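Asker: First to last, the sequence lines map onto chains A and B. Using the numbering used here, you'd call the opening residue of the first sequence number 388 and step up by one each time. Using the numbering used here, you'd call the opening residue of the second sequence number 388 and step up by one each time. Positions of the beta carbon are idealized from the N, C-alpha and C atoms, including for glycine. Bear in mind that the values here come from a model prediction, so they are computed numbers and not experimental data.
Protein chains: 2
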Amino acid sequence: MERRSFMSKASVGAAVGATLVAAPAIVQAQPTVRWRCSSGFPKALDTLFGAAEDAAKRISDATGGRFQISVAPAGEIVPMPQAAAAVQAGTVECSHTAAFYYVGQDPTWALGTCVPFGMNFRQHNAWWFEGGGEKLFNDWLAGQNMRYIISGNTGAQMGGWFRKEIRTVEDIRGLKMRIPGLGGRLFAALGAVPQQIAGGDVYAALERGTIDATEWIGPYDDEKLGFHRVARFYYAPGFWEGSAAVGWLVNNRAWGALPPEYRAIFTAAAHEANAGMMAKYDARNPPALRRLIAGGAQMRTWPRPVMDAFFRASRTMHTEIGAGNANFKRIHDHYAAFQRETTSWLRVTENSFDDFMAAALRG
Amino acid sequence: MERRSFMSKASVGAAVGATLVAAPAIVQAQPTVRWRCSSGFPKALDTLFGAAEDAAKRISDATGGRFQISVAPAGEIVPMPQAAAAVQAGTVECSHTAAFYYVGQDPTWALGTCVPFGMNFRQHNAWWFEGGGEKLFNDWLAGQNMRYIISGNTGAQMGGWFRKEIRTVEDIRGLKMRIPGLGGRLFAALGAVPQQIAGGDVYAALERGTIDATEWIGPYDDEKLGFHRVARFYYAPGFWEGSAAVGWLVNNRAWGALPPEYRAIFTAAAHEANAGMMAKYDARNPPALRRLIAGGAQMRTWPRPVMDAFFRASRTMHTEIGAGNANFKRIHDHYAAFQRETTSWLRVTENSFDDFMAAALRG
Chain A
388 MERRSFMSKA
398 SVGAAVGATL
408 VAAPAIVQAQ
418 PTVRWRCSSG
428 FPKALDTLFG
438 AAEDAAKRIS
448 DATGGRFQIS
458 VAPAGEIVPM
468 PQAAAAVQAG
478 TVECSHTAAF
488 YYVGQDPTWA
498 LGTCVPFGMN
508 FRQHNAWWFE
518 GGGEKLFNDW
528 LAGQNMRYII
538 SGNTGAQMGG
548 WFRKEIRTVE
558 DIRGLKMRIP
568 GLGGRLFAAL
578 GAVPQQIAGG
588 DVYAALERGT
598 IDATEWIGPY
608 DDEKLGFHRV
618 ARFYYAPGFW
628 EGSAAVGWLV
638 NNRAWGALPP
648 EYRAIFTAAA
658 HEANAGMMAK
668 YDARNPPALR
678 RLIAGGAQMR
688 TWPRPVMDAF
698 FRASRTMHTE
708 IGAGNANFKR
718 IHDHYAAFQR
728 ETTSWLRVTE
738 NSFDDFMAAA
748 LRG
Chain B
388 MERRSFMSKA
398 SVGAAVGATL
408 VAAPAIVQAQ
418 PTVRWRCSSG
428 FPKALDTLFG
438 AAEDAAKRIS
448 DATGGRFQIS
458 VAPAGEIVPM
468 PQAAAAVQAG
478 TVECSHTAAF
488 YYVGQDPTWA
498 LGTCVPFGMN
508 FRQHNAWWFE
518 GGGEKLFNDW
528 LAGQNMRYII
538 SGNTGAQMGG
548 WFRKEIRTVE
558 DIRGLKMRIP
568 GLGGRLFAAL
578 GAVPQQIAGG
588 DVYAALERGT
598 IDATEWIGPY
608 DDEKLGFHRV
618 ARFYYAPGFW
628 EGSAAVGWLV
638 NNRAWGALPP
648 EYRAIFTAAA
658 HEANAGMMAK
668 YDARNPPALR
678 RLIAGGAQMR
688 TWPRPVMDAF
698 FRASRTMHTE
708 IGAGNANFKR
718 IHDHYAAFQR
728 ETTSWLRVTE
738 NSFDDFMAAA
748 LRG
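1) Give the secondary structure of A746/A by DSSP, where H, G and I count as helix, E and B as strand, and everything else as coil.
2) Could you tell me which whole alpha helix (DSSP H) segments of length 4 or greater appear in the segment 502-590 of chain A?
3) Taking 8 Å as the threshold (C-beta atoms), are N661/B and N532/B in contact?
4) Just grab the DSSP bridge partners of W422/B for me.
5) Terminal residues of the continuous alpha helix (DSSP H) containing M686/A?
6) Helix or strand or just coil, what does DSSP make of S482/A?
7) Report yes if the C-beta distance between L523/A and I718/A is below 8 Å; otherwise report no.
8) Quick check: the Cα distance between E517/B and A579/B, rounded to an integer number of angstroms?
9) Is there a C-beta anywhere in chain B that falls below 8 Å from the one on W732/A?
10) Taking contact to mean 3 or more Cβ pairs, one atom from each stretch, closer than 8 Å, check whether the segment 423-439 of chain A and the segment 643-651 of chain A are in contact.
11) Please classify Q583/A as buried or exposed, where buried requires at least 16 neighbouring CB atoms within 10 angstroms.
12) On the DSSP letters alone, give me the boundaries of the beta strand (DSSP E) that A632/A sits inside.
13) Spatial neighbours of G561/B within its chain, please: C-beta separation below 8 Å, excluding the five flanking residues on both sides.
14) With distances taken Cα to Cα, identify the nearest neighbour of V735/B among A723/A, R749/A, Y590/A, D448/A.
15) Under the three-state reduction of DSSP, which class applies to F626/B: helix, strand or coil?
16) Helix, strand or coil: how does DSSP classify T601/B here?
17) So what does DSSP say about F487/A, is it helix, strand or coil?
18) Just to make sure I have the definition right: I need the residues of chain A whose C-beta is within less than 8 Å of the C-beta of F504/B. Which are they?
19) Taking P674/A as the reference, give the member of L612/B, E552/B, T730/B with the closest Cα.
20) Using the C-alpha atoms, what's the distance from R453/A back to G499/A?
21) A410/B CB to nearest chain A CB: under 8 Å?
22) Tell me whether the beta-carbon of Y621/B lies closer than 8 Å to the beta-carbon of L679/B.
23) Do the segment 622-634 of chain A and the segment 493-509 of chain A meet, that is, are 3 or more Cβ pairs less than 8 Å apart?
24) Given that R676/A touches chain B, what residues does it touch there, using C-beta distances under 8 Å?
25) Report back the beta-carbon spacing between Y489/A and A476/A to the nearest angstrom; my notes put them in contact at under 8 Å.
26) Residues in the segment 606-624 of chain A with C-beta within 7 Å of chain B's C-beta atoms, listed in sequence order?
27) Check the C-beta distance from M744/B over to N540/B and give it rounded, since I have them as a contact under 8 Å.
28) Indicate whether at least one CB of chain A lies closer than 8 Å to the CB of I413/B.
29) In the segment 648-668 of chain B, which residues sit with their C-beta less than 7 Å from some C-beta in chain A, listed in chain order?
30) List in chain order: all unbroken alpha helix (DSSP H) runs of 4+ residues lying wholly within the segment 709-735 of chain A.
31) Under 8 Å between C-beta atoms, does A397/B make it to chain A?
32) When the Cα atoms are used, what is the spatial distance from R565/B to A618/B?
33) Can you name the residues that DSSP bridges to F620/A?
34) Should E728/B be labelled buried (16 or more other beta-carbon atoms within 10 Å of its own) or exposed?
35) What are the boundary residues of the alpha helix (DSSP H) that includes Q475/A?
36) Following the continuous alpha helix (DSSP H) through F428/B, name the residue where it begins and the one where it ends.
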């Protein structure tokens with residue numbers, strides 16, 4: 388058989404020896420490439436920002452330092468909202484960002500990150516890598532001379548911080564909540580008044596009562612902004628971000644100019660960082676949640692009728708968006724079918740195991 | 388700032404141009420390494436076996452074909468139970484396998500894959516990569532001249548196939564069930580009689596009634612063996628394998644002889660395949676489950692008192708194992724503390740989101 392034709396152990400040993408002798412030659416022969424990455428995240432969101440640094444380090448290590456990607460925080464090269472345009476134009480080779488930041492330009496962008504009541508981390512990866520999601524999304528994005536290589540996820544986010552408890556659907560009406568994107572549109576559908584406020588200004592707005600609520604990410608990131616001191620009710624789950632995939636938006640011409648080895652290394656490092664970021668959040672969120680509760684946060688889960696109302700509103704919203712945007716409709720239909728089938732499987736064993744363990748370890 | 392000192396776009400373009408010119412030189416300069424991998428899995432378990440092939444292909448692509456790993460199915464080079472010894476001795480450089488296959492030699496091996504009522508996929512990754520699990524396990528394994536680089540997971544497995552329904556804990560007593568490892572020991576604690584039967588012989592044993600039940604993996608793999616035709620009750624969850632991490636067992640001398648670039652490439656490719664296998668199972672299991680149900684499988688969840696009895700037995704078992712094995716105790720104590728903390732977080736938002744979606748999409 389073919390594999391038996393590979394050299395024996397003795398010759399493998401010889402090859403490894405040859406490796407060490409040949410190593411200095413690599414240093415001279417490999418090409419030098421320098422890319423700039425305009426991150427979609429500030430350095431303070433160190434788990435999100437750090438995934439790009441982790442991947443860039445792996446790429447550098449895998450190429451003996453010859454393929455270097457410098458990762459600049461949002462705003463340092465171009466303002467975050469212009470990063471996609473900068474990648475498209477080739478001003479920077481890439482941005483590590485959340486696709487759904489560009490949902491205002493085209494709602495189809497959302498499907499690179501998440502939609503309300505969408506798939507969890509595992510489902511999104513299965514859809515993207517195995518279900519055909521990556522091809523659908525990148526075929527669409529090729530029209531803008533870019534590709535999106537997913538590389539990080541927050542998991543299910545929290546539902547945010549509220550100054551008053553939400554007891555009924557009526558409590559959503561008139562609520563001034565800092566929430567962008569499709570999540571904001573969903574809250575608006577139930578009568579809330581979504582606010583667009585920069586992260587650094589949210590604490591003061593909550594403290595003064597200019598706004599009633601804010602969503603952010605999860606315990607680890609939320610803790611840094613201290614929201615629990617000015618809006619103590621902390622709701623779960625963040626149903627508009629059941630997971631949130633981020634990734635590398637790469638200029639297709641720069642991508643095509645890379646040697647195939649560097650494309651393989653970039654892809655492996657990006658995908659490694661995809662689950663790597665999830666592991667970081669899963670390790671960092673639990674102690675942060677404990678500290679938040681010790682600091683006065685009051686945990687709440689959404690009343691079921693409130694969740695149901697938002698769920699119904701999300702279906703209406705996706706139908707409306709699809710009616711006006713054929714690309715969104717085509718990809719979202721595919722996404723929704725995959726979600727339905729995988730959900731029916733995951734509840735059989737994953738969810739039932741998780742629910743048992745949550746109950747068993749609580750005691 | 389440092390990143391501004393990287394070359395401008397114009398010079399990046401020049402570097403990319405230089406890359407293409409220099410490419411032929413790489414072919415001659417990079418060292419050639421050939422490794423043999425004795426997989427712990429037969430080719431028929433194509434998702435498990437395939438993860439090693441996926442990683443090997445990425446490694447080859449990332450090195451222009453100069454670092455090649457040939458993956459042989461279990462038994463082709465050495466019988467599966469001897470693969471770890473072959474790696475330790477350097478007969479092969481590596482094996483892609485499940486660490487817990489070696490639990491008979493030392494129960495500490497289990498912690499590289501899973502323990503009964505252990506962590507799910509996300510928790511295991513968080514513990515391994517961020518919680519200190521990898522270091523604890525590999526510090527122990529270094530005494531055997533090996534390291535374990537995780538590279539694949541099955542997720543929560545199914546609880547297996549039963550000829551008769553399990554209604555009470557009493558139904559476990561005397562049950563002849565094909566179940567190896569710590570899962571088998573757990574069933575024995577409740578009075579079952581674990582059987583060690585090779586995969587290919589299980590169907591006939593079930594059909595003849597020589598055994599009453601068997602566990603295997605999940606819908607996609609189970610379907611191929613046709614168990615639903617001879618033992619129609621299909622139980623969930625497989626609480627003794629709430630996730631099951633597999634990985635590359637690598638000879639430390641062979642590892643140390645690799646150039647650092649190849650070590651970085653191997654690691655990235657292995658970790659990419661870790662989540663890659665999970666995505667494959669999550670895409671392949673749902674349609675397989677549908678086909679199994681159409682083919683007569685009767686889905687059952689364990690009665691809560693049965694789960695509770697097994698859970699209590701698992702705690703006793705882990706305490707007993709730890710009393711006789713300081714390495715197991717030290718690493719398992721660390722594992723269990725991490726599990727408890729992350730479970731308390733995941734139930735807040737991940738589980739509540741998953742449970743809502745399962746209910747919402749069922750309708």
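Answerer: On the basis of the data shown:
1) helix
2) 508-512, 520-528, 568-576
3) no
4) I456/B
5) Not the alpha helix (DSSP H): M686/A falls in the beta strand (DSSP E), residues 685-688.
6) strand
7) yes
8) 37 Å
9) yes
10) no
11) exposed
12) 632-638
13) G578, A579, V580
14) R749/A
15) helix
16) strand
17) helix
18) M744, A747
19) T730/B
20) 30 Å
21) Unreliable positioning characterises A410/B in this predicted model, as indicated by a pLDDT of 46, which lies under 50. The coordinate reading is nonetheless provided below. Yes, contact with chain A.
22) yes
23) yes
24) According to the sequence as given, residue 676/A is Leu; it is not Arg. The contacting residues are S731, W732, V735.
25) No, Y489/A and A476/A are not in contact; Cβ-Cβ is about 15 Å, not under 8 Å.
26) A623, P624
27) No, M744/B and N540/B are not in contact; Cβ-Cβ is about 22 Å, not under 8 Å.
28) The predicted model places I413/B with a pLDDT of 46, which falls under 50 and marks its position as unreliable, so this point remains unresolved.
29) E648, A651, I652, A655, A656, H658, E659, N661, A662, G663, M665, A666, K667
30) 713-733
31) Its pLDDT being 35, under 50, A397/B is placed unreliably by the model, and nothing is read from it.
32) 12 Å
33) F549/A, Q685/A
34) buried
35) 470-476
36) From DSSP, F428/B is part of no alpha helix (DSSP H); its letter is neither H nor E.
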